[in-house]
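Asks: Residue numbers (my numbering), protein chains in the order written: chain A, 1 to 261; chain B, 262 to 522. Structure below; questions to follow.
Number of protein chains: 2
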Amino acid sequence: MGTALKVLKLLDSFSLQQPELGLSQIARMNQINKATALRYLTNLADYGMVEQDPQSKLYSIGTAPLRLANLREAAKPRLTAARIVMKAQVLKVHETMHMSLLKSDQLQTTLVEETQAHSVRISIGTSEILPLHATASGIVSLAFGPRNLLQHVLDGSLPTYSEHTLTNPDRLMDLVDETLHKGWCESVSGYETGVHGFAAPIFGEEQTAIGAIACVIPQPRVTSDLRSAVLDALSIASKEITSVYGGQFPANYRLNQLQTS
Amino acid sequence: MGTALKVLKLLDSFSLQQPELGLSQIARMNQINKATALRYLTNLADYGMVEQDPQSKLYSIGTAPLRLANLREAAKPRLTAARIVMKAQVLKVHETMHMSLLKSDQLQTTLVEETQAHSVRISIGTSEILPLHATASGIVSLAFGPRNLLQHVLDGSLPTYSEHTLTNPDRLMDLVDETLHKGWCESVSGYETGVHGFAAPIFGEEQTAIGAIACVIPQPRVTSDLRSAVLDALSIASKEITSVYGGQFPANYRLNQLQTS
Numbered sequence: 001m002g003t004a005l006k007v008l009k010l011l012d013s014f015s016l017q018q019p020e021l022g023l024s025q026i027a028r029m030n031q032i033n034k035a036t037a038l039r040y041l042t043n044l045a046d047y048g049m050v051e052q053d054p055q056s057k058l059y060s061i062g063t064a065p066l067r068l069a070n071l072r073e074a075a076k077p078r079l080t081a082a083r084i085v086m087k088a089q090v091l092k093v094h095e096t097m098h099m100s101l102l103k104s105d106q107l108q109t110t111l112v113e114e115t116q117a118h119s120v121r122i123s124i125g126t127s128e129i130l131p132l133h134a135t136a137s138g139i140v141s142l143a144f145g146p147r148n149l150l151q152h153v154l155d156g157s158l159p160t161y162s163e164h165t166l167t168n169p170d171r172l173m174d175l176v177d178e179t180l181h182k183g184w185c186e187s188v189s190g191y192e193t194g195v196h197g198f199a200a201p202i203f204g205e206e207q208t209a210i211g212a213i214a215c216v217i218p219q220p221r222v223t224s225d226l227r228s229a230v231l232d233a234l235s236i237a238s239k240e241i242t243s244v245y246g247g248q249f250p251a252n253y254r255l256n257q258l259q260t261s
Numbered sequence: 262m263g264t265a266l267k268v269l270k271l272l273d274s275f276s277l278q279q280p281e282l283g284l285s286q287i288a289r290m291n292q293i294n295k296a297t298a299l300r301y302l303t304n305l306a307d308y309g310m311v312e313q314d315p316q317s318k319l320y321s322i323g324t325a326p327l328r329l330a331n332l333r334e335a336a337k338p339r340l341t342a343a344r345i346v347m348k349a350q351v352l353k354v355h356e357t358m359h360m361s362l363l364k365s366d367q368l369q370t371t372l373v374e375e376t377q378a379h380s381v382r383i384s385i386g387t388s389e390i391l392p393l394h395a396t397a398s399g400i401v402s403l404a405f406g407p408r409n410l411l412q413h414v415l416d417g418s419l420p421t422y423s424e425h426t427l428t429n430p431d432r433l434m435d436l437v438d439e440t441l442h443k444g445w446c447e448s449v450s451g452y453e454t455g456v457h458g459f460a461a462p463i464f465g466e467e468q469t470a471i472g473a474i475a476c477v478i479p480q481p482r483v484t485s486d487l488r489s490a491v492l493d494a495l496s497i498a499s500k501e502i503t504s505v506y507g508g509q510f511p512a513n514y515r516l517n518q519l520q521t522s
């Protein structure tokens, strides 16, 4: 690993939990001596990647990333970048994928990338509101999204969309727990009969899901091979789109847990 | 300059005008050979600071800055950081400073940092709306802000606040031109008699002013020494707060032109 990359990796020392760090702490976290850590930090500070508080002497992320983030957003807006990620995965699994984002307590389909490989495929409109208790994307949002979302859904009614819709609050909470544990969700015919959905979370800045990336497949086509290919694709898309949104994965969310179902 | 800083400086090659660049172009812009440029870019790409389009092979800013920018914002929100910048400058010039931000076509005082050094000082409320044609902050916003703002002001009425308020559209346009050229604005008693105001722009992502940083002084205290100290302070504050907002200075705006009035 080149020096420059080692210097950049120092930035990984900072987190929401530890936004400010002292020199010794950074040296220890990166298993380097203090002189080296200081040299690296000075390089980062010279570019504005980190800054040091003149009083406390603690380091934190600087302002250069703000400028670069704005440049990035102007050049490659998030939705365009997310679409590119989805296109690549749809080409691998040959099934329709969609991305949905939470707007306050509603989950809204924002991007749809239809497969062109099958004439029988799931067609979804963008801006469609997905019921939180009846779709894989919804369950994922309940599991990883804002804390009060699940309570809000449980406080409301749980409408029936098909004979498989989960309308029992206890069973819904069980599925949310299972999803929290697995990192992804599978929903069979919960919203529409014959539609098999898989979804994984997209995380935002606060390590909270801001939405979900899903793959929807006509039931008869789901095989165990396709299932594992889809989980692979969702794992990659979840990671890359979280990155596109500048999001942070929760510490206990294992990116590869999707595959080890 | 260490290698790591040289690697980071490569990020300066990207701009709103040139968000995507090829290897040769980057090498040329940084006066290094292509092998070195490739090595540097690979380091940056490994951390996600840049990314390469698989088809066009062009490089652009990656997604790592988005994540870092969000971390920064969570740890040090913009307003807090801007206030720290202002405090440092107020301690130098011993006069009240305020920062105002444009909300659509209104300029609103957002932060006020009063000097404690004088009992006679300017007191301003936050959330006060500043008239665009009658304050130094307003003129700066007209000069460097969104294109349609000046026309909008000229289309409306130009109310009188004091006997020195500029109400003649031609004279207003002259002052805007002069401000564009100088990079800052001075307004004497335009809004309130006896108040001498100096202001410099704060730029946002699109190289357009999102607001202004100003220093307001009771008229009798303005000397040529204080004037030049204030312009120094505004120059620093303008640069640092633009950075706090992730903004970009227009290519033709010289940061130090404030001093060379």
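We put the CB at the ideal spot given by N, CA and C, even for glycine.
1. DSSP three-state call for A:S261: helix, strand or coil?
2. Is there at least one Cβ from chain B nearer than 8 Å to A:Q55's Cβ?
3. How is B:Q419 classed by DSSP in three states: helix, strand or coil?
4. Using a beta-carbon distance below 8 Å, is B:K500 in contact with chain A?
5. Distance, Cα to Cα, A:T223 vs A:I217?
6. With a threshold of 8 Å between beta carbons, is B:I471 in contact with chain A?
7. When you compare only the Cα positions, how much space is there between A:T265 and B:S398?
8. Please list, in chain order, all residues of the same chain as B:A330 whose beta carbon is under 8 Å from its beta carbon, the five residues on each side excluded.
9. Is B:L271 near B:L299, with beta carbons less than 8 Å apart?
10. Which bits of chain A does B:M310 rub up against, with CB to CB less than 8 Å?
11. What are the start and end residues of each continuous alpha helix (DSSP H) run of 4 or more residues lying completely inside the region 121–195 of chain A, in chain order?
12. In terms of alpha-carbon separation, which member of A:T36, A:P19, A:I84 and A:L91 lies closest to A:V230?
13. So, is the C-beta of A:P19 closer than 8 Å to a C-beta in chain B?
14. B:T426 and B:A395 look like a contact to me (Cβ under 8 Å); what is the Cβ gap, rounded to whole Å?
15. Since A:L101 and A:I210 are thought to touch, with beta carbons under 8 Å apart, how far apart are those beta carbons, to the nearest angstrom?
16. Check whether the Cβ atoms of A:L66 and B:Y308 sit closer than 8 Å, and answer yes or no.
17. For A:S24, does the count of other Cβ atoms within 10 angstroms reach 16, so buried, or fall short, so exposed?
18. Could you give the residue range of the alpha helix (DSSP H) that holds B:L340?
19. Quick one: give me the first and last residue of the beta strand (DSSP E) that B:E466 is part of.
20. Express the C-alpha separation of B:A349 and A:S261 in angstroms, rounding to a whole number.
21. Chain A beta carbons: is any one of them nearer than 8 Å to that of B:T264?
22. Using CA coordinates, which residue listed in B:P407, B:A342 and B:H379 is at the minimum distance from B:G465?
23. With DSSP run on the structure shown, which of helix, strand or coil describes B:I502?
24. With DSSP collapsed to three states, give me the class of A:V112.
25. Just to confirm, are B:Q313 and B:A306 a CB contact at a threshold of 8 Å?
26. How far does the alpha helix (DSSP H) with A:M29 in it reach, from first residue to last?
27. In the DSSP assignment, find the beta strand (DSSP E) that holds B:K364 and state where it starts and stops.
28. Given that B:V505 touches chain A, what residues does it touch there, using C-beta distances under 9 Å?
29. Would B:S321 count as contacting chain A if we go by Cβ distances under 8 Å?
30. Any beta carbon from chain A within less than 8 Å of B:A288's own beta carbon?
31. Counting only C-beta atoms, is B:N304 closer than 8 Å to chain A at any point?
32. At a Cβ cut of 7 Å, what residues of the region 334–359 of chain B count as close to chain A, listed as they run along the chain?
33. Is it a yes or a no for the region 12–26 of chain A touching the region 55–64 of chain A, going by three-plus beta-carbon pairs under 8 Å?
34. State the start and end residues of the unbroken alpha helix (DSSP H) segment that holds A:E73.
35. Mind checking if A:E205 is an interface residue toward chain B, Cβ cutoff 8 Å exclusive?
Replies: On the basis of the coordinates in this document:
1. Residue confidence is low: A:S261 scores 44 on pLDDT, short of 50, so the model does not pin down where it sits. Its coordinate-derived value is still stated next. A:S261: coil per DSSP, three-state reduction.
2. In terms of beta-carbon proximity, A:Q55 stays away from the interface with chain B, with every pair separated by 8 Å or more.
3. According to the sequence provided, residue 419 of chain B is Leu. The question's Gln does not apply to it. Reduced to three states, the DSSP call for B:L419 is coil.
4. By this cut-off, B:K500 is not an interface position.
5. C-alpha separation (whole angstroms): 10 Å.
6. For B:I471, the nearest beta carbon of chain A is not closer than 8 Å to its own beta carbon.
7. Shown here, chain A extends from 1 to 261; a query on residue 265 of chain A therefore has no answer.
8. Closer than 8 Å at Cβ, skipping near neighbours: G507.
9. At the C-beta level, B:L271 and B:L299 stay beyond 8 Å of one another.
10. In chain order: L8 and L68.
11. You should have 136–144, 148–155 and 169–182.
12. Taking only the C-alpha atoms, the option nearest A:V230 is A:L91.
13. Any Cβ of chain B closer than 8 Å to the Cβ of A:P19 would place that residue at the interface, and such an atom is present.
14. At roughly 5 Å, the Cβ-Cβ gap stays under 8 Å, so B:T426 and B:A395 are in contact.
15. Contact annotation, A:L101 with A:I210: C-beta distance approximately 6 Å; criterion of less than 8 Å satisfied.
16. Not closer than 8 Å, so no.
17. Answer is exposed; the Cβ neighbour count stays below 16.
18. Bounds of the alpha helix (DSSP H) holding B:L340 are R339 to V354.
19. Run containing B:E466: none; DSSP gives neither H nor E here.
20. Confidence in A:S261 is poor, its pLDDT being 44 and thus under 50, which makes the residue's placement unreliable; the coordinate value appears in the next sentence. Using only the alpha carbons, I get a separation of about 55 Å.
21. It does: the Cβ of B:T264 has a partner Cβ on chain A nearer than 8 Å.
22. The closest CA to that of B:G465, considering only B:P407, B:A342 and B:H379, is found on B:P407.
23. Residue state, collapsed to three classes: helix.
24. For A:V112, the three-state secondary structure derived from DSSP is strand.
25. At a Cβ-Cβ threshold of 8 Å, B:Q313 and B:A306 count as neighbours.
26. DSSP places A:M29 inside the alpha helix (DSSP H), whose first and last residues are L23 to M29.
27. B:K364 -> beta strand (DSSP E) spans T357 to K364.
28. Those within 9 Å of B:V505 in chain A are T63 and L66.
29. Yes, its Cβ sits closer than 8 Å to a Cβ of chain A.
30. Put simply, the CB of B:A288 is far from chain A, with every gap to its CB atoms at 8 Å or more.
31. It does; some Cβ of chain A falls within 8 Å.
32. Sequence-ordered contacts of the region 334–359 of chain B with chain A read A335, A336 and K337 [C-beta pairs closer than 7 Å].
33. Contact holds: three or more Cβ-Cβ distances are below 8 Å.
34. In the DSSP annotation of this structure, the continuous segment of the alpha helix (DSSP H) that includes A:E73 starts and ends at A64 to A75.
35. Cβ-Cβ to chain B under 8 Å: yes for A:E205.
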